[in-house]
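Residue numbers (my numbering), protein chains in the order written: chain A, 5 to 343; chain B, 34 to 413. Quick reminder that beta carbons are idealized off the backbone N, C-alpha and C, glycines included. Please read all numbers here as calculations on a predicted model, not as lab measurements. To start, the structure under review is shown below, and the notes come after it.
Right under this line is the structure:
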């Protein structure tokens with residue numbers, strides 16, 4: 005786990021409780037709204053229902069219509085109006101409900117959210133958090149399981165992060181809301197119900213840093229969001245086979261923590277990246293390339309990508325064949341020449 | 034075969050006459066035909082006339098500079114002065130304006146210096162004025178996107194209980210965009226203090242309005258969103274000012290948004306890279322030149338005895354002075370710093386950008402070796 009400490013907000017540290025990632029995200033938004041009256045929350049079904057994943061549960065009742073509101077069902081409208089609100093001094097936190105439903109907002113995000121600070125020479129910052137539940141492994145119907153991170157990481161001006169556990173979910177969302185930069189906050193749906201015992205408010209590693217979740221000596225296995233659990237399971241399985249895997253949780257996809265990952269790769273000399281998104285042009289391509297450029301002479305083998313296939317996300321009965329598994333990862337690592 | 038309906042579009046058949054307070058001949062319309070709006074006072078109209086004349090001189094000057102190759106591009110608003118000036122005149126100091134690329138004269142009228150307006154068109158940076166000082170958002174290039182920003186800002190002002198209203202300018206083509214629909218709908222549902230002013234200049238680059246929509250008027254769409262809509266003669270600054278002012282008052286009272294369509298005409302090409310002879314007749318342009326918004330008001334003001342030769346001369350002198358200022362600001366050497374490219378992307382410095390900045394700095398210093406070393410270091 006990331007190093008945990010009480011968040012320095014003046015808020016009293018609460019007794020430890022078992023929290024799901026969804027509950028931790030809920031607490032992060034709530035605490036941010038208590039601490040900062042400019043934080044507002046809106047999107048589809050985030051009001052009385054509390055969001056389709058209940059991440060905003062209870063917030064409408066606590067803060068009322070002026071700060072928590074259901075919006076019309078239109079994602080460009082949600083992001084576009086958030087831009088205007090941020091221009092007027094608010095800190096909007098908006099929800100896209102599902103990864104593939106963020107695409108109507110693509111123009112507002114890419115042409116305005118990402119560029120406003122730059123085109124106005126810093127005069128109009130946009131402190132907006134766009135929460136996007138993403139990825140699969142939940143038996144979702146079509147358009148409910150996309151991994152859309154590469155669209156956002158390819159866009160200068162955006163900060164793109166993805167927590168893998170409840171502690172990071174809380175800490176990273178608090179930091180994202182406090183940031184003056186727009187943040188694409190990608191929440192792995194399959195991890196919403198994962199639990200941890202937390203004393204909130206908790207502060208883990210800084211938002212822009214990767215962490216070594218498990219130390220190892222033979223291979224650096226890089227993951228983020230939903231595949232961190234897969235990577236940890238792979239390391240457990242490998243240990244039984246005598247292979248020592250170091251697992252890195254990237255946490256921040258943009259910026260990429262070259263330092264933390266570089267140190268690990270130069271130590272192990274072998275690296276692989278795991279993600280659910282398709283391989284071609286995917287986020288792993290950037291990771292493999294930059295690690296190779298910067299660490300070529302330390303590498304004993306080419307960097308591997310263990311990812312979803314280059315196909316649209318499959319239907320529920322077929323997703324198990326699509327998602328990277330520990331066996332598939334270990335099989336890939338075994339293709340390296342080990343001397 | 035055409036995808037467009039072959040029958041005569043409804044727009045041609047059923048469009049009502051637009052609301053006007055001063056007709057083509059410069060006569061005030063009868064009170065019972067003025068839609069309940071009052072003709073603004075002569076002093077107000079004289080002020081609007083002055084601003085229109087100055088704005089046109091600026092527009093003509095900038096178009097000339099563009100033809101000389103001294104600006105990258107300039108979308109002219111020639112012929113649309115009544116809409117542009119009425120919009121700005123109706124704003125209170127605390128209000129926000131959300132303009133498009135075609136609305137440079139609105140910026141000018143709200144007090145932005147020519148050199149700051151031209152910063153983007155001469156290519157210094159994407160946008161170049163003080164947004165908070167003037168309360169003007171950056172000019173939007175993607176169509177209709179700024180309408181949503183206006184709704185968001187207006188909603189934020191409402192949440193903060195400020196009496197700020199947002200006014201956004203749109204073109205007729207932009208109303209085909211999904212963002213326009215979403216903005217109209219969000220504004221009405223949230224009862225946002227916002228005014229949408231669509232300048233129907235009848236062309237989206239080359240495409241005429243009857244290929245954008247099949248309804249009578251853009252203003253008619255307002256009823257579908259649950260807000261009032263007004264179809265106004267966009268070359269009658271008196272009507273435009275009266276209707277926009279009423280809509281601003283309505284928004285300020287907390288009664289929600291209004292959609293206004295100003296029927297006007299884009300006399301110039303879309304930009305200097307356009308060739309309008311391919312899609313419209315010279316006779317049509319001549320017809321609309323004869324409906325000039327400035328000449329119309331001039332006839333009225335002269336008849337009222339408000340526009341004397343002395344007043345006219347002083348206005349023209351002010352316009353010439355502004356044209357000279359505009360030319361002068363082109364001769365100033367714009368300071369562009371390549372290293373500023375990295376300055377405003379993120380509030381938190383990024384290592385990768387610092388490396389790329391160092392690379393460019395070394396390259397600029399003409400130091401190929403240092404540049405290579407910077408690259409090499411950055412790959413370590």
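Below-7 Å beta-carbon distance, residue i vs any chain A residue
i	result
residue 222(B)	yes
residue 295(B)	no
residue 266(B)	no
residue 107(B)	no
residue 379(B)	yes
residue 164(B)	yes
residue 234(B)	no
residue 154(B)	no
residue 119(B)	no
residue 160(B)	yes
Residue i burial status per 10 Å Cβ neighbour count (16 or more: buried)
i	result
residue 349(B)	exposed
residue 263(A)	exposed
residue 76(B)	exposed
residue 22(A)	exposed
residue 260(A)	buried
residue 38(A)	exposed
residue 167(A)	buried
residue 6(A)	At residue 6(A) the pLDDT is 43, less than 50, meaning the model places this residue with poor confidence and gives no usable figure here.
residue 194(B)	exposed
Which of helix, strand or coil DSSP assigns to residue i
i	result
residue 44(B)	Any reading at residue 44(B) needs caution, since the residue's pLDDT is 49, under 50, leaving its predicted position unreliable; the model's value is listed next. Of the three classes helix, strand and coil, the one that applies to residue 44(B) here is helix, per DSSP.
residue 358(B)	helix
residue 233(B)	strand
residue 110(A)	helix
residue 345(B)	helix
residue 219(A)	coil
residue 275(A)	strand
residue 268(A)	helix
residue 191(A)	strand
residue 295(B)	strand
residue 129(B)	strand
residue 157(B)	coil
residue 4(A)	A question about residue 4(A) goes unanswered here, because the residues of chain A that appear run from 5 up to 343.
residue 331(A)	helix
residue 202(B)	strand
residue 143(B)	coil
Below-7 Å beta-carbon distance, residue i vs any chain B residue
i	result
residue 88(A)	yes
residue 319(A)	no
residue 196(A)	no
residue 76(A)	yes
residue 91(A)	yes
residue 345(A)	Here chain A comprises residues numbered 5 to 343, so residue 345(A) is not present and cannot be evaluated.
residue 208(A)	no
residue 184(A)	yes
residue 80(A)	yes
residue 63(A)	no
residue 5(A)	The pLDDT assigned to residue 5(A) is 38, lower than 50, so where the model puts this residue is not dependable, and the model offers no usable value.
residue 288(A)	no
residue 85(A)	yes
Limits of the beta strand (DSSP E) - the one that residue i falls within
i	result
residue 86(B)	Unbroken run through residue 86(B) is the alpha helix (DSSP H), 75-100; no beta strand (DSSP E).
residue 48(A)	Careful: residue 48(A) lies outside any beta strand (DSSP E) and carries neither H nor E.
residue 279(B)	Careful: residue 279(B) lies outside any beta strand (DSSP E), inside the alpha helix (DSSP H) at 270-285.
residue 82(A)	Note, residue 82(A): premise wrong, no beta strand (DSSP E); alpha helix (DSSP H) at 79-91.
residue 326(B)	That residue, residue 326(B), is in no beta strand (DSSP E); its alpha helix (DSSP H) goes 326-336.
residue 54(A)	Run containing residue 54(A): none; DSSP gives neither H nor E here.
First through last residue of the alpha helix (DSSP H) which encompasses residue i
i	result
residue 201(A)	That residue, residue 201(A), is in no alpha helix (DSSP H); its beta strand (DSSP E) goes 199-202.
residue 178(A)	170-182
residue 367(B)	Per DSSP, residue 367(B) belongs to no alpha helix (DSSP H) and is neither H nor E.
residue 256(B)	255-258
residue 212(B)	211-223
residue 33(A)	25-39
residue 318(B)	315-322
Distance cut-off 6 Å: residue i Cβ against heavy atoms of the ligand GDP
i	result
residue 157(B)	Of ligands this structure carries none, so the ligand GDP is not represented either.
Could you please tell me which residues of the segment 97-131 of chain A, in chain order, have their CB closer than 7 Å to any CB of chain B? Among the residues of the segment 97-131 of chain A, those with a Cβ less than 7 Å away from any Cβ of chain B are 111, 112, 115, 116, 121, 122, 123, 124, 125, 126, 127, 128, 129, in the order of the chain.
Scan the segment 247-276 of chain A for residues whose Cβ lies nearer than 7 Å to a Cβ of chain B and list them as they occur along the chain. Answer in chain order: 259, 262.
Return the residues of the segment 246-273 of chain B that lie within a Cβ-Cβ distance of less than 7 Å from chain A, sorted by chain order. Listed by position, the residues of the segment 246-273 of chain B near chain A (Cβ gap below 7 Å) amount to none.
Taking a cut of 8 Å between CB atoms, which residues from the segment 132-165 of chain A lie near chain B? Within the segment 132-165 of chain A, the residues whose Cβ lies closer than 8 Å to any Cβ of chain B are, in chain order, 160, 161, 163.
Within 7 Å of chain A by C-beta, residues of the segment 382-403 of chain B in sequence order: Cβ contacts with chain A come from 383, 384, 385.
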